[in-house]
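Chemist:
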Amino acid sequence: MKTFHCQYCGHPIFFENVKCLQCGSALAFLPDRLSMAALEPVPRGEGLWRPRMRRKGAASQARYRLCSNSAQLQACNFAVPASDSNPLCASCRLTRVLPDLSQPDNHERWYRTEVAKRRLFYTLAKLGLLSMTPPDGAADGPVFEFLADLPGQQVMTGHCNGVITLNVAEADDTERVRRRVEMHEPYRTLLGHLRHESGHYYWDRLVRDGGRVDAFREVFGDEQLDYQQALQDHYARGGAVPGWQDSFVSAYATAHPWEDWAETWAHYLHMVDLLEAAASYNTKLSIPGNEGEVEEVINPLETGLPDFNVLVDQWVPVTLLVNSLNRSLGQEDAYPFALSAGALEKLRFVHDVIRETKEQMTLHAPAAQAVAAAPEAADPAAAAPAPAQM
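If you're matching positions, the sequence shown starts at 1 in full-length UniProt numbering and goes up one per residue.
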C-alpha cells in the first residue's frame, strides 16, 4: 500500500494512523475518496467531521461521521459519509461475528484482524472488485466471522458460501509463527490469510458466476475433484509432491485447484500492493536485460492495470530489493518465493480476470456495482459455519 500525506501539513502518514504527529490533525480514511484525510469537527455538527483546509477561512462542504467502532471501541479509523445511514464503515459492516471481547487479549486480536481486513478492502476497491461506498447503508463483498477457540471447539479459518471465517489466534505473533513452523510454511500472515480466503470468494463471483470455468480448468485443473479427499491426501503425504515449484506458487497450492487459485490470487494481491508501495516512494529500478536503463516503478492501482509482463519485470527486482533490505537488518526474507513459468501463467490468468472485470465495471458503472445485502450486526455469541474451503 502507498504512503499517504496529511493534506493539511504534508507530513507522511500511514493507513492506520488516527492523528498526524506533525500538525496534530485527527486523521481518518475517507472511503469515497480512497484516501487518508485530516479532519476537523463541524461546528454545531452533532458529531460530524469535515476535511481540514489549509487556506484560512476555507471550509469543505463534505461531511463524515466516524465509524461507530472508532468511537466505541477504538478499533477503526474509517469514516462514513454523512449521507450513509449505516453507523459502521464499509469494512466494519461486513464483520458479522466477533470473538468474545470480554476475554483477555481478544480485543487486541480483533483489532489487528480488522487492520488487515481494511488493507485487503483498500486493494480490492482499487482493483474495482467492490464498492467502498455502497448505497443505502448496504455492504459489498464477503461477510466475515472472526472467532476464538473455545474449550472443545477449534475454529478453522476458511470460506463457505460468501462467508470468511478466521481464527483470531492468528493475530498472536507467537501462535502464528508456531503454526507456520509446524506446517513447514515459508510465509504466514494475517493479511495473507484474508487475501487467500478472498480468493475463494472471488472464484465464486468471477470464475463460476462469470462464465470462466472452462478457461480456469485449462490452467488450474478440474475443480470437480473431491475437495475433502484432496486435502486429506495432501496432508497424508506430508505436503506437496516433488517438483511442485515448476507449476505452483506454493506447496499448499498443490492440494486442489481451488487452493491453487486462492494461493495464486493472494500472490497477485501481494504483487500489486507491494508495487504500489514501491511507487509511492518513487523507487527506480534497473530492469534485468536492460542494462544501463533505469525506470520508475509504476503504481498498478493508480494507472490502471498494465500489461502483465510489465508487472513481472518490475516485481522481480522489487522483491530482490525488499529481501536485501530485510537481510541487512538480520531478518528473514520478506518474500520467500521464486516464481516459475508455470506459476506465472496462473498469475497471468488472475491478472486477466481482474482486468476484464475492472474494465467491465468501469464501462457499466454505476449500474454494474454488485451490492450484497447488508450483513447482520456483529454477534459475539453466534457460531461459525463449517468452512468448505481453507
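We put the CB at the ideal spot given by N, CA and C, even for glycine. From a predicted model like this one, the values you see are computed outputs, not experimental measurements.
For T283, which residues from the same chain have a beta carbon less than 6 Å from its beta carbon, with the 5 sequence-adjacent residues on both sides left out?
Modeler: Taking the first residue of the sequence shown as position 1, residue 283 is located at position 283. Around T283: V297.
Chemist: For E16, collect the residues of the same chain with a Cβ closer than 7 Å to its Cβ; drop the 5 residues on either side in sequence, then sort them by chain order.
Modeler: For this step, residue 16 is matched to residue 16 along the sequence shown. If we look at E16 and ignore the five residues flanking it on each side, its Cβ neighbours are N77 and V115.
Chemist: Compare the C-alpha of V42 against each of Y64, H234 and T264 and name the closest.
Modeler: The count along the sequence shown starts at 1 and reaches residue 42 at position 42. It is Y64.
Chemist: Identify whether V97 lies in helix, strand or coil by the three-state DSSP scheme.
Modeler: To locate residue 97, count along the sequence shown from 1; it is residue 97. DSSP places V97 in strand when its eight states are reduced to three.
Chemist: Between the Cα of P186 and those of D214, I13 and A338, spot the shortest distance and give me the residue it belongs to.
Modeler: Working through the sequence shown from its first residue, we reach residue 186 at position 186. For P186, the nearest C-alpha among the options comes from A338.
Chemist: Near A368, which residues of its chain fall below 6 Å by C-beta distance, leaving aside the five closest residues on each side in sequence?
Modeler: Residue numbering aside, residue 368 sits at position 368 when the sequence shown is read from its first letter. Note that A368 scores 37 on pLDDT, short of 50, meaning its location in the model is unreliable; the coordinates nonetheless yield the value given after this. Counting only Cβ-Cβ distances below 6 Å, and skipping sequence neighbours, we find M361.
Chemist: For residue 419, which of helix, strand or coil comes out of DSSP?
Modeler: Residue numbering for the chain in the displayed model covers 1 to 390; residue 419 lies beyond these limits and cannot be assessed.
Chemist: Taking K19 as part of the alpha helix (DSSP H), name the residues at either end of that continuous run.
Modeler: Here the question's residue 19 lines up with position 19 in the sequence shown. Premise fails: K19 is in no alpha helix (DSSP H) and is neither H nor E.
Chemist: If you run the structure through DSSP and keep just helix, strand and coil, what is S35?
Modeler: The sequence position of residue 35 within the sequence shown is 35, counting from 1. Strand.
Chemist: Based on the DSSP output, what are the partners of C160 in its beta bridges?
Modeler: Here residue 160 is taken as the residue at index 160 of the sequence shown, counted from 1. Per DSSP, V163.
Chemist: For Y111, which residues in the same chain have their Cβ closer than 6 Å to its Cβ, ignoring the five residues on either side in sequence?
Modeler: To locate residue 111, count along the sequence shown from 1; it is residue 111. Result list for Y111: A75, in chain order.
Chemist: Between which residues of its own chain and F220 is the CB-CB distance below 6 Å, once the five residues before and five after are set aside?
Modeler: Along the sequence shown, read from residue 1 onward, the residue named residue 220 stands at position 220. Excluding positions up to five away in sequence, the list reads P257, D260 and W261.
Chemist: Looking at T236: is its Cβ nearer than 7 Å to the Cβ of T254?
Modeler: Numbered from 1 along the sequence shown, position 236 holds the residue referred to as residue 236. Numbered from 1 along the sequence shown, position 254 holds the residue referred to as residue 254. The amino acid occupying residue 236 in the given sequence is Ala; Thr does not appear at that position. Taking 7 Å as the Cβ cut-off, A236 and T254 do not qualify as a contacting pair.
Chemist: What whole-angstrom Cβ distance do L166 and H267 have, given they're in contact under 8 Å?
Modeler: Taking the first residue of the sequence shown as position 1, residue 166 is located at position 166. Taking the first residue of the sequence shown as position 1, residue 267 is located at position 267. Contact doesn't hold; Cβ gap of about 19 Å is too wide.
Chemist: For K117, count neighbouring Cβ atoms within 10 angstroms of its own Cβ and tell me buried if that reaches 16, exposed if not.
Modeler: Looking up residue 117 in the sequence shown gives position 117. K117 comes out buried.
Chemist: Does the Cβ of L320 lie closer than 6 Å to at least one heavy atom of the ligand COA?
Modeler: The ligand COA is absent from the structure shown, which contains no ligand whatsoever.
Chemist: Alpha carbon to alpha carbon, what distance is there between E263 and H234?
Modeler: Within the sequence shown, residue 234 is the residue found at index 234, counting from 1. Within the sequence shown, residue 263 is the residue found at index 263, counting from 1. Cα to Cα, the separation comes out at about 15 Å.
Chemist: Using DSSP with H/G/I as helix, E/B as strand and the rest coil, what is A79?
Modeler: Along the sequence shown, read from residue 1 onward, the residue named residue 79 stands at position 79. A79 falls in the strand class under three-state DSSP.
Chemist: Around the C-beta of D307, are 16 or more other C-beta atoms found within 10 angstroms, so that it is buried, or is it exposed?
Modeler: Counting from one through the sequence shown, the residue named residue 307 turns up at place 307. Exposed is the call here.
Chemist: Under the three-state reduction of DSSP, which class applies to H11: helix, strand or coil?
Modeler: Locating residue 11 in the sequence shown gives position 11, where the first residue counts as 1. In the structure shown, H11 sits in coil (DSSP, three-state: anything other than H, G, I, E or B).
Chemist: When the Cβ atoms of the stretch 152–166 are set against those of the stretch 300–319, are three or more pairs found closer than 8 Å?
Modeler: Contact between the stretch 152–166 and the stretch 300–319 is absent, because fewer than three Cβ pairs lie under 8 Å.
Chemist: Taking L231 as the reference, which of I287, A251 and C20 has the closest Cα?
Modeler: To locate residue 231, count along the sequence shown from 1; it is residue 231. Ranking I287, A251 and C20 by Cα distance to L231 puts A251 first.
Chemist: If I follow the unbroken alpha helix (DSSP H) through V318, where does it start and stop?
Modeler: Reading the sequence shown from its first residue, position 318 is the one you call residue 318. Start and end: F308 to S328.
Chemist: Is the stretch 174–184 in contact with the stretch 323–333, if contact means three or more CB pairs nearer than 8 Å?
Modeler: They do not touch, by the three-pair rule.
Chemist: Tell me which residue opens and which closes the beta strand (DSSP E) that residue 396 is part of.
Modeler: Shown here, the chain extends from 1 to 390; a query on residue 396 therefore has no answer.
Chemist: Quick one: Cα of L301 to Cα of G141, how far?
Modeler: In the sequence shown, residue 301 corresponds to position 301, counting from 1. In the sequence shown, residue 141 corresponds to position 141, counting from 1. So the two alpha carbons sit approximately 19 Å from each other.
Chemist: Between which two residues does the beta strand (DSSP E) containing F121 stretch?
Modeler: Against the sequence shown, residue 121 aligns to sequence position 121. Premise fails: F121 lies in the alpha helix (DSSP H), N106 to K126, not in any beta strand (DSSP E).
Chemist: Looking only at C-alpha atoms, which of L30, G47 and S25 sits nearest to A38?
Modeler: For the purposes of this step, residue 38 is identified with residue 38 of the sequence shown, where counting begins at 1. Of L30, G47 and S25, the residue nearest in Cα terms is S25.
Chemist: Take the Cβ of residue 392 as the centre, count every other Cβ of all protein chains shown within 10 Å, and call the residue buried at 16 or more, exposed below.
Modeler: Any answer about residue 392 is impossible in this case: the structure gives the chain only from 1 up to 390.
Chemist: Could you tell me which residues DSSP pairs with S85 in its beta bridges?
Modeler: On the sequence shown, position 85 is the one that residue 85 refers to. Bridge partners of S85: none, in fact.
Chemist: Just reading off the beta strand (DSSP E) that F146 is part of, what are its end residues?
Modeler: Residue mapping note: residue 146 aligns to position 146 of the sequence shown, counting from 1. Run containing F146: V143 to L147, per the beta strand (DSSP E) assignment.
Chemist: Is it true that the CB of E332 sits closer than 7 Å to the CB of N299?
Modeler: For the purposes of this step, residue 299 is taken as residue 299 along the sequence shown, with counting starting at 1. For the purposes of this step, residue 332 is taken as residue 332 along the sequence shown, with counting starting at 1. Not a contact, by the Cβ cut-off of 7 Å.
Chemist: My understanding is that V163 touches V143, with C-beta atoms under 8 Å, so please give their C-beta distance in whole angstroms.
Modeler: On the sequence shown, residue 163 is found 163 positions in, with the first residue counted as 1. On the sequence shown, residue 143 is found 143 positions in, with the first residue counted as 1. Their Cβ separation, rounded to whole angstroms, is 5 Å, which keeps V163 and V143 in contact under 8 Å.
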